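Oh and the sequence shown: position 40 is 85 in the numbering used here, straight run, nothing missing.
Below: one structure, written as structure tokens.
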Amino acid sequence: MGESKDYMTHAEELGSIHISEDVLASIAAGAVADVEGISGLMNVSSKKSGARGVRMAVDEEGAVIDLYVMIRYGYAIPEVAGKLQGGVSGAIESMTGFAVKAVNVHVGGVSFQ
């Protein structure tokens with residue numbers, strides 16, 4: 046993947062739109078909260094993440110998003126992860142117009158609460 050940027054840029058007829066990676070990470074984190082079966086995002090150390098549990102890598106072709114989550118006990122992990130991938134990808138694409146190349150879900154644990 047190309048060099049990471051602080052902003053994704055979309056050239057328009059009247060000028061350019063620059064959206065911070067932190068904004069993209071916040072959109073992703075908000076979409077995670079809407080998925081049933083997710084207990085929460087995990088703490089991951091990342092210099093390039095504006096939201097806890099979200100890492101981003103962007104280039105001219107789109108974004109690759111890594112999500113680090115806790116799943117609630119009793120939920121099917123593949124089903125929840127699939128809903129999470131669709132929800133995050135859809136939210137970012139509809140709110141920003143930028144392509145999402147991949148949403149990688151890392152399940153770090155199970156929550157019994």
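Yeah, the Cβ is synthetic: ideal placement off N, Cα and C, and Gly gets one too.
Here the structure is a predicted model, which is why all the values come from computation and not from measurement.
Just to check my reading of the structure: residue i and residue j have Cβ atoms closer than 8 Å, yes? What is that Cβ distance to the nearest angstrom?
i: Val148; j: Ile110; result: 5 Å
i: Ser156; j: Ser84; result: 3 Å
i: Val145; j: Val114; result: Not confirmed; about 17 Å, so no contact.
i: Tyr52; j: Ser71; result: So it is not a contact: roughly 14 Å between Cβ atoms.
Assuming contact is defined by CB atoms lying nearer than 8 Å, are residue i and residue j in contact in what I supplied?
i: Leu112; j: Val133; result: yes
i: Arg100; j: Leu86; result: no
i: Ile122; j: Leu69; result: no
i: Ser82; j: Val150; result: It should be pointed out that residue 82 corresponds to Gly in this sequence rather than to Ser. It is not a contact, given that the beta carbons lie outside the stated cut-off.
i: Val89; j: Leu129; result: no
Does DSSP classify residue i as helix, strand or coil?
i: Ala121; result: coil
i: Met115; result: strand
i: Gly127; result: helix
i: Met87; result: coil
i: Glu138; result: helix
i: Val80; result: coil
i: Asp104; result: strand
i: Ala144; result: coil
i: Glu66; result: helix
i: Gly75; result: helix
i: Gly98; result: coil
Give me the residue from the options with the minimum Cα distance to residue i.
i: Gly142; options: Val77, Glu106, Gly75, Asn88; result: Glu106
i: Gly135; options: Ala73, Ala56, Glu57; result: Ala73
i: Thr54; options: Ser139, Gly119, Asp104; result: Asp104
i: Asp67; options: Tyr120, Gly119, Ala108, Gly154; result: Ala108
i: Met140; options: Gly75, Tyr118, Leu59; result: Gly75
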